[in-house]
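Encoded as structure tokens, the structure appears first; notes follow it.
There are 2 protein chains.
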Amino acid sequence: MDYKKTANLFKALADENRLQIMEILKDGEKCACKLLEALQISQPTLSHHMKILCDAELVSGRKEGKWMYYSLSKAGIKNAKTYLKELKISEGK
Amino acid sequence: MDYKKTANLFKALADENRLQIMEILKDGEKCACKLLEALQISQPTLSHHMKILCDAELVSGRKEGKWMYYSLSKAGIKNAKTYLKELKISEGK
DNA sequence: ACAACATATTGACAGATTTCAATATATCAA
DNA sequence: TTGATATATTGAAATCTGTCAATATGTTGT
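As structure tokens, then:
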């Protein structure tokens with residue numbers, strides 16, 4: 001198991017603003033400008049958070065003209081689910 | 094949804110040493126001294142990590158004489174699973 | 001009570017993370 | 001091409017986190 005990669009994945013989920021972004025994206029693809037409206041953070045800060053979420057494959061981005069559209073990505077979410085699924089509680093002594 | 098609590102939960106999983114601890118505990122309850130042997134960290138650092146894992150309810154501790162036994166706890170793991178499960182990818186526009 | 005041991009707490013430091021202002025890059029419209 | 005707009009990057013400051021040495025607390029055996 002790759003501890004570094006897994007830690008990075010959970011790090012991406014370990015921030016209140018990023019959780020709120022994920023929450024908004026549950027509703028479907030959104031433009032960066034919409035996310036900026038919803039959060040009380042500056043534009044560079046949003047851009048930084050989006051990079052972290054994209055790097056973790058929790059979110060994917062699509063550029064259309066001068067706009068960036070973001071949506072949830074299955075890959076990262078699946079990785080996290082898989083990790084948790086493997087946390088079986090054994091009765092080993 | 095409680096962003097702070099959820100962020101804390103994922104923060105607890107966002108560290109390589111703590112992931113390794115979880116990995117070891119998958120095998121069943123372990124004494125703190127065993128964890129200390131397995132990890133390349135000092136005793137106070139281990140104690141600090143265990144507190145974070147316990148606070149997130151990912152691990153529970155049991156004191157027996159002068160020893161502490163730790164094991165995986167269902168509550169935190171379930172909370173994380175539930176969060177991920179709710180990350181449904183909708184087609185809403 | 002005292003010594004030995006296991007774990008927890010405190011205090012300090014280094015490195016990581018979040019944040020914003022300033023600036024850069026890219027796209028569109030006139 | 002120029003100006004306006006959307007997003008990304010850079011650089012710096014404040015805060016948070018992981019770490020260890022030193023010390024405290026709690027337990028067991030003598």
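Keeping their order, the protein sequence lines are chains R and D.
All residue numbers for the first sequence refer to our numbering, where the first residue is 1 and numbers rise by one.
All residue numbers for the second sequence refer to our numbering, where the first residue is 94 and numbers rise by one.
For each residue, glycine too, the CB sits at the ideal point set by N, CA and C.
Please decide whether residue i counts as near chain R, where near means a Cβ-Cβ distance under 8 Å.
| i | result |
| --- | --- |
| Leu106 (chain D) | yes |
| Leu177 (chain D) | yes |
| Ala168 (chain D) | no |
| Leu112 (chain D) | yes |
| Ala125 (chain D) | no |
| Thr138 (chain D) | no |
Please decide whether residue i counts as near chain D, where near means a Cβ-Cβ distance under 8 Å.
| i | result |
| --- | --- |
| Met22 (chain R) | yes |
| Met1 (chain R) | yes |
| Ile41 (chain R) | no |
| Glu37 (chain R) | no |
| Glu64 (chain R) | no |
| Glu16 (chain R) | yes |
| Lys81 (chain R) | yes |
| Leu72 (chain R) | yes |
| Ala56 (chain R) | no |
Run through the DSSP bridge pairs and tell me what residue i is partnered with.
| i | result |
| --- | --- |
| Leu165 (chain D) | D:Val152 |
| Cys31 (chain R) | R:Tyr69 |
| Glu157 (chain D) | D:Trp160 |
Just verifying my parser: in three-state terms, what is the DSSP assignment at residue i?
| i | result |
| --- | --- |
| Glu130 (chain D) | helix |
| Glu179 (chain D) | coil |
| Leu118 (chain D) | helix |
| Asn110 (chain D) | helix |
| Ser42 (chain R) | coil |
| Met1 (chain R) | coil |
| Gly185 (chain D) | Legend: pLDDT at Gly185 (chain D) = 48, less than 50; position of this residue unreliable, no value from coordinates given. |
Return the residue from the list the options that minimises the CA-CA distance to residue i.
| i | options | result |
| --- | --- | --- |
| Glu179 (chain D) | R:Gln43, R:Leu25, R:Lys51 and R:Asn17 | R:Leu25 |
| Glu109 (chain D) | R:Leu13, R:Ala14, R:Asp15 and R:Lys5 | R:Lys5 |
| Met94 (chain D) | R:Tyr3, R:Glu23 and R:Leu9 | R:Glu23 |
| Ala75 (chain R) | D:Asp120, D:Lys181, D:Lys156 and D:Leu165 | D:Lys181 |
| Asp120 (chain D) | D:Leu165, D:Leu132 and D:Lys171 | D:Leu165 |
Under 8 Å by Cβ, that's how I've got residue i and residue j pegged, so tell me the actual separation to the nearest angstrom.
| i | j | result |
| --- | --- | --- |
| Gly65 (chain R) | Cys54 (chain R) | Not quite, the Cβ-Cβ distance comes to about 19 Å (not below 8 Å), so this is no contact. |
| Lys123 (chain D) | Tyr163 (chain D) | 6 Å |
| Leu84 (chain R) | Ala173 (chain D) | 5 Å |
| Ala56 (chain R) | Leu112 (chain D) | In fact, because the Cβ distance is near 15 Å, the residues do not count as touching under 8 Å. |
| His21 (chain R) | His48 (chain R) | Per the sequence presented here, residue 21 (chain R) reads as Ile, with His not at that position. Contact flag wrong, Cβ pair sits at about 11 Å. |
| Ala14 (chain R) | Trp67 (chain R) | Incorrect: roughly 28 Å between the Cβ atoms, too far for contact. |
| Leu35 (chain R) | Gln43 (chain R) | Leu35 (chain R) to Gln43 (chain R), Cβ: 10 Å. No contact. |
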